[in-house]
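**Q** Okay, handing you the structure first.
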Ligand SMILES: [Zn+2]
Ligand SMILES: [Zn+2]
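Numbering (the working numbering), first residue to last: 316 to 684.
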């Protein structure tokens with residue numbers, strides 16, 4: 316191992332972020348050399364460690380221990396629990412300055428422009444105790460378009476005492492002008508062995524389960540940990556992944572049948588339908604990343620994904636996101652789901668000729684990984 320690589324691993328270990336040594340090292344290097352910029356964009360799939368990395372950067376800035384934050388003092392704990400006075404998290408359903416808004420209970424599906432206006436106002440105030448006010452936008456790809464434009468203004472002229480950390484699962488969905496004003500760091504899945512080892516050592520997960528979770532999470536420690544805490548998540552993830560795989564190879568009639576079935580479920584168990592759609596989004600993101608990767612790179616998702624173009628994956632991702640929003644805002648659920656089913660790309664089934672319709676039942680048809 317080269318000296319640099321050893322150093323990078325050490326940095327990540329200091330920050331307790333599994334598998335993101337390069338990104339952690341880049342941030343630490345910026346801190347040590349005094350070259351921290353005003354805006355960072357941390358991108359990567361769900362559960363890869365974006366939010367943890369953002370919190371570590373914040374802790375490194377305000378903990379007395381400096382670039383190697385202690386993670387134990389009051390300040391460090393406040394950052395972890397979201398109570399640090401100089402740090403604001405901007406998420407869907409968060410606060411704004413409008414007295415009559417209650418985004419926590421108004422079924423918000425995006426980060427609103429009023430939340431960005433609040434960010435703009437607070438960013439111009441002097442920090443309480445730290446050298447900077449830190450804003451963590453989780454996630455920036457969930458910004459309302461008007462909100463994204465408002466954020467752009469702050470990114471163009473950032474107050475000297477501010478630091479914006481944007482997290483994104485789909486950085487390509489952000490305005491290019493937002494991307495170009497941020498220092499971009501891409502988080503990649505960690506080797507399964509590293510995730511499994513961390514699960515055993517840090518969370519006391521039995522080795523067999525740790526190996527399963529590492530595989531199922533596709534190298535994302537945060538996601539693996541969540542599935543460990545809630546085993547039903549792992550089951551749902553596996554089932555929903557098989558469904559979306561089958562659907563992307565199914566014909567029109569099967570898709571419409573499935574839409575009907577899902578809209579009936581929507582009447583009874585909304586949370587589970589939304590969770591299913593979230594898994595689908597995450598799957599299409601994996602497909603998107605895998606399809607955009609150069610051959611020979613680490614595949615982010617398993618399966619015959621080379622048959623899907625990045626444009627198809629992006630279209631499927633947007634269609635899933637739209638259906639989710641329509642469901643939450645009480646649009647005709649069956650219509651919303653039918654539109655989704657018909658908007659999903661038709662991927663060629665293995666061993667089938669072009670134009671031939673898939674005849675497999677949709678239910679649960681596991682495919683060899
Ligand atoms: Zn500390
Ligand atoms: Zn508001």
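Cβ atoms here follow ideal geometry from the backbone N, Cα and C, with glycine treated the same way.
1) Look up residue 483 in the DSSP assignment and say whether it is helix, strand or coil.
2) Counting only runs of 4+ residues fully inside the segment 354 to 419, write out the alpha helix (DSSP H) ranges in chain order.
3) Taking all protein chains shown into account, do 16 or more other C-beta atoms lie within 10 angstroms of the C-beta of residue 360, making it buried, or fewer, making it exposed?
4) I'd like the list of long-range same chain contacts for residue 555, defined as Cβ closer than 6 Å, with 5 residues on each side in sequence excluded.
5) Using beta-carbon positions only, say whether residue 509 and residue 333 come within less than 8 Å of one another.
6) Looking at the structure shown, is residue 447 part of a helix, part of a strand, or coil, going by DSSP?
7) Let's see if you can read the secondary structure: which residues bound the alpha helix (DSSP H) around residue 501?
8) Thinking just about the alpha-carbon of each residue, which of 385, 580, 337 is nearest to the one in residue 364?
9) Comparing C-alpha positions only, which one of 438, 455, 367 sits nearest to residue 407?
10) With 16 other CB atoms within 10 Å as the buried threshold, where does residue 582 fall?
11) Thinking C-alpha only, which one of 564, 513, 557, 567 is nearest residue 543?
12) Might you give, ordered along the chain, the residues of its own chain that have their beta carbon closer than 6 Å to the beta carbon of residue 598, omitting 5 neighbours on each side?
13) Starting from the C-beta of residue 371, find all residues in its chain whose C-beta is less than 8 Å away, skip the five residues before and the five after it, and write them out in chain order.
14) Quick check on residue 458: does DSSP put it in helix, strand or coil?
15) Grab me the residues of residue 634's own chain with a C-beta within less than 7 Å of its C-beta, minus the 5 sequence neighbours each way, in chain order.
16) Are the Cβ atoms of residue 534 and residue 504 separated by less than 8 Å?
17) Quick one: what does DSSP say residue 477 is sitting in, helix, strand or coil?
18) Using CA coordinates, which residue listed in 648, 565, 647, 416 is at the minimum distance from residue 661?
19) Considering only the alpha carbon of each residue, which of 531, 563, 561, 562 lies closest to residue 548?
20) Among 380, 379, 354, which has the Cα closest to the Cα of residue 369?
21) Between the Cα of residue 641 and the Cα atoms of 632, 489, 652, which residue gives the shortest distance?
**A** Let's see:
1) strand
2) List check, alpha helix (DSSP H) in window: 365 to 377, 389 to 396.
3) buried
4) 591, 594
5) The beta carbons of residue 509 and residue 333 sit closer together than 8 Å.
6) Looking at residue 447 - three-state DSSP - the assignment turns out to be coil, as it is neither helix nor strand.
7) From DSSP, residue 501 is part of no alpha helix (DSSP H) but of the beta strand (DSSP E) over 498 to 501.
8) For residue 364, the closest of 385, 580, 337 by C-alpha to C-alpha distance is 337.
9) Minimum Cα distance to residue 407 is reached at 455.
10) exposed
11) 513
12) 556, 559
13) Within the same chain, and ignoring the five residues on either side of residue 371 in sequence, the residues whose Cβ sits closer than 8 Å to its Cβ are 330, 331, 332, 339, 342, 384.
14) strand
15) 655, 658, 659
16) yes
17) Correct three-state label for residue 477: strand.
18) 565
19) 531
20) 354
21) 652
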